[in-house]
Amino acid sequence: MMYLKKALWSEGIKSGKGDSDSDLDSDVDVDVDVAVTELVNSLHDQRLYREITLSLQTGLRDARAEFSFLRLRALRSLLNFLRSLSHSHSTIHIFNITQSIPHFQLVPVLFHHSLKQTLDHYNHNTRLGDMSHIFGVEPIKLTTPPTDAELALALRVLEGCCLLNPNSAALAHQHKAIQVLMNILSTRGVLEQGACLDALISLMVDSPSNQMDFEECNGIMEVADLIRDKQVDENLRLKCGEFLLLLIGHVNGRDKPPLATIHEDIRRLLGEKSASLIWAASQFGSTLDPEQRLTALQIQARRVLESLDLY
């Protein structure tokens, strides 16, 4: 998979404005400089588009593979690719353009392959006594189920898609994303559960349809059950605290569905003390830089956990 690098021919290009203090510069020279700069910028955008589409084609091809190790390799490359896009507004813009083209869309591939519940289907089609493939014209097609690592990486890629491209959340809704993720949250291990909580937040930001699905799935109750259970891994409980803080902060001030009753739900499930702490702490960080916000979020999540021990 290709990674985005600066073109060699773009080095040394001037801004396109002549030196107003120089008597040697003419209007023609300025016009030429502007034309050259526009040409270089156009070539730069075309190069970025080609590299982005080629990276997507390569990653999506292997993300559709029948074997988990190939899908895992593709997801790892796609996640690194999305991270490289996030450093530039121009690359994010081009990525958003590609995600309006079905051939390049990441979300459907994630839900058709890595996030698809293939284990039961796999066991059903390969169970002892099923001889239909012997008498059929087509050979049986085996698809290995996703491993824990593949599932966690797919959730990270989904999170990245939704953060970079808001339309991906709406596309994920068509694939019943919230229902799929809530099933993962209640049945899988700590690695997948942590990635699942982060992906849920990215899915619900400014997406009433996904928020409504979360409410219908009793999502708050599922998260509350995890954070109250002292047998659950402490890091996962902290992640649940961060999830509640982010969710409350996002819906703050909204008195209309969906999630209109979220404050009352948390008070009922976690108690008045914890609910009040979450409500107050969710207002943090508006003037902090990203690193400071993350640190503040982790500190407040720890306080939420401590308040539960007192409840």
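For the sequence shown, my numbering begins at 77 and goes up steadily by one.
C-beta atoms are modelled at their ideal positions from N, C-alpha and C, and glycine is treated no differently.
Just so you know, these numbers come straight off a predicted model, no measurement behind them.
Give a yes or no on whether the C-beta atoms belonging to G129 and T174 are separated by under 8 Å.
Before going further, note that residue 129 is Thr rather than Gly in the sequence given. Against a cut-off of 8 Å, the Cβ pair of T174 and T129 comes out as a contact.
TODO: Would you mind giving the Cβ-Cβ distance between A248 and L234, rounded to the nearest angstrom? I have them listed as a contact below 8 Å.
DONE: 7 Å
Point to revise | Same chain, Cβ closer than 6 Å to F187, five either side skipped, listed in chain order | key: H251
Reduced DSSP secondary structure (H/G/I, E/B, other) of I177
coil
Problem set entry | Range covered by the alpha helix (DSSP H) that runs through R264 | Here R264 belongs to no alpha helix (DSSP H), and DSSP marks it neither H nor E.
Can you tell which of S190, E127, R379 has its C-alpha closest to the C-alpha of V256? S190
Next item on the list: Taking T337 as the reference, give the member of Q307, L240, P222, M288 with the closest Cα.
Entry: M288
Given this structure, state the Cα-to-Cα distance separating A377 from L335, to the nearest angstrom. 21 Å
Throw me the rounded Cβ distance for the S358 and I324 pair, which I believe falls under 8 Å. 4 Å
message: Suppose you measure from the CA of C316 to the CA of C238; what does that come to, to the nearest Å?
response: 20 Å
**Prompt:** Does the beta carbon of L323 come closer than 8 Å to any beta carbon on chain D?
**Reply:** Looking at the structure shown, chain D is missing, and only one protein chain is on hand.
**Asked** Hey, how far is the Cα of L240 from the Cα of Q181?
**Response** 13 Å
task: Classify G325 as helix, strand or coil using the three-state DSSP reduction.
output: helix
Margin query: In whole angstroms, give me the CA-to-CA distance for V266 and L373.
Written below: 20 Å
Would you mind stating whether G236 and L148 have Cβ atoms separated by less than 8 Å? no
| Are the Cβ atoms of T223 and E142 separated by less than 8 Å? | no
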